[in-house]
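Worksheet: one structure, shown below.
2 protein chains.
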Amino acid sequence: MTKFMNQKNEIINKLRGSGLRPTKQRILIAKNLFDNNKTFHFTVETLNRKINKSGNEKISLATIYNTVEAFTNAGYLKEILTSKNKSYYDTNIKSHHHFYDEGSKELTDINYNQIKLSKVPIPPKGKKIKNLEVVIRIQK
Amino acid sequence: MTKFMNQKNEIINKLRGSGLRPTKQRILIAKNLFDNNKTFHFTVETLNRKINKSGNEKISLATIYNTVEAFTNAGYLKEILTSKNKSYYDTNIKSHHHFYDEGSKELTDINYNQIKLSKVPIPPKGKKIKNLEVVIRIQK
DNA sequence: TATCTAGTTTATAATAATTCTAAACTAGAA
DNA sequence: TTCTAGTTTAGAATTATTATAAACTAGATA
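Chains as they are written, first to last, in this note's numbering: chain W, 1 to 140; chain X, 1001 to 1140.
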């Protein structure tokens, strides 16, 4: 009970902190994304299914799109690099890496400390490195 | 003259070697992709524009799609990992890395020896590493 | 507490990238 | 030269995403 209250307040503060008005839609979406201890990958389609089944109140697809974009801009989500023509998101925003299985087209996280780089290039003039990701393509 | 003949024959052999019948469309597309010394990035849209302007005979968009897919499957092209919802291809099929500029959304090649890894994870059981790519996101 | 308004949500239309379809064409074997 | 499996093509269909504009609401203000 108190636990749930705290969790909701945390979400509300998080949203306010990024200038996002804490609407009931955004709170519900945030619960679905950040509620659990586990991070995961999703697409707008899978998130929409997850939210719009379970006894939940319905949220329109347009709002799911808008909210995922807003959360990404706020830094709560990270868009994943793939070779598909659909957007994939990761609730794990820490620097980390991926295995990309070309057979199943599945992405799996690789922990940050599982990969070490001993040489990194200098970025082009006027630019700085924001993030570095390694994708390891695997197959049978 | 002879030079051009050789080049065309090379392309024909390359196609035959992958079980692709050397049609005039495939040969023309291959010339546009593999003709020069430089490798480059492209989308179906940019390739289509390149081919269907210059006095060339016209090739249908569907054929460009089919051919790019066939060339990718044959290993002549590599699909680039991005966070866009459009396919990007690279005529450089050697292992190499990219800068991804989040502002301009431009990809630039990083030479293979500009990056060194000192630790790489073991792939999941039954799988082996096919390729490893580093994407460095840069910004102002 | 009631009012007001900028920000938000929504259904739906529009757009963009890609894939499908099935009829016409062609490389090259026989 | 004939034949046919493989290929090309225009256009329709599909899929993911973005735009539109009317209705709704959080929360500041009176």
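Beta carbons: idealized from backbone N, C-alpha and C, even for Gly.
Of all C-beta pairs linking the stretch 1055 to 1066 of chain X to the stretch 1005 to 1018 of chain X, fewer than three are shorter than 8 Å, placing the two stretches out of contact. Within chain X, the residues whose beta carbon sits less than 8 Å from that of residue 118(W) are 1116, 1117 and 1118, listed in sequence order. Within chain X, no residue has its CB atom less than 8 Å from the CB of residue 42(W), the nearest being about 14 Å off. Under the DSSP assignment, residue 100(W) falls in the beta strand (DSSP E) whose first and last residues are 97 to 101. Sequence-distant partners of residue 12(W) (beyond 5 residues in either direction) whose C-beta falls short of 6 Å from its own C-beta, in its chain, are 22. Chain X has a Cβ within less than 8 Å of the Cβ of residue 137(W).
Straight through space, the alpha carbons of residue 68(W) and residue 119(W) are spaced by roughly 35 Å. Under the three-state reduction of DSSP, residue 1033(X) is assigned to helix. Beyond the five residues adjoining it in sequence on each side, residue 103(W) comes within less than 8 Å, by CB distance, of 139 and 140 in the same chain, given in chain order. Excluding the 5 residues flanking it on each side, residue 1048(X) has same chain C-beta neighbours closer than 7 Å at 1061 and 1064, in chain order.
Looking at the DSSP output, residue 39(W) bridges to nothing.
By the criterion of at least three beta-carbon pairs nearer than 8 Å, the stretch 81 to 90 of chain W is in contact with the stretch 35 to 52 of chain W. In summary, residue 136(W) is buried, with 16 or more beta-carbon neighbours lying within 10 Å of its beta-carbon over all protein chains present. The Cβ atoms of residue 124(W) and residue 1114(X) do not sit closer than 8 Å to each other.
Exclusion of the five residues before and after residue 80(W) leaves 88 and 90 as the residues of its chain whose Cβ lies within less than 6 Å of its Cβ.
Not a single CB atom of chain W sits nearer than 8 Å to the CB of residue 1069(X). Taken in chain order, the members of the stretch 88 to 118 of chain W whose beta-carbon sits within less than 9 Å of a beta-carbon on chain X are 88, 97, 99, 100, 101, 102, 103, 108, 110, 111, 113, 114, 115, 116, 117 and 118. Excluding its 5 nearest sequence neighbours in each direction, residue 1075(X) has C-beta neighbours in its own chain below 7 Å: 1093, listed in chain order. Annotation for residue 1129(X): the continuous beta strand (DSSP E) segment containing it runs 1128 to 1139. Under DSSP, residue 1050(X) forms no beta bridge with any residue. Between residue 1056(X) and residue 1077(X), the C-beta gap is not smaller than 8 Å, which leaves the two residues out of contact. Not one beta carbon of chain W lies nearer than 8 Å to the beta carbon of residue 1017(X). A direct Cα-to-Cα measurement between residue 32(W) and residue 20(W) gives close to 17 Å. Not a single CB atom of chain W sits nearer than 8 Å to the CB of residue 1046(X).
Between the alpha carbons of residue 1035(X) and residue 108(W) lies a gap of roughly 37 Å. Inter-residue distance for residue 1030(X) and residue 51(W) is about 47 Å (C-alpha atoms, whole angstroms).
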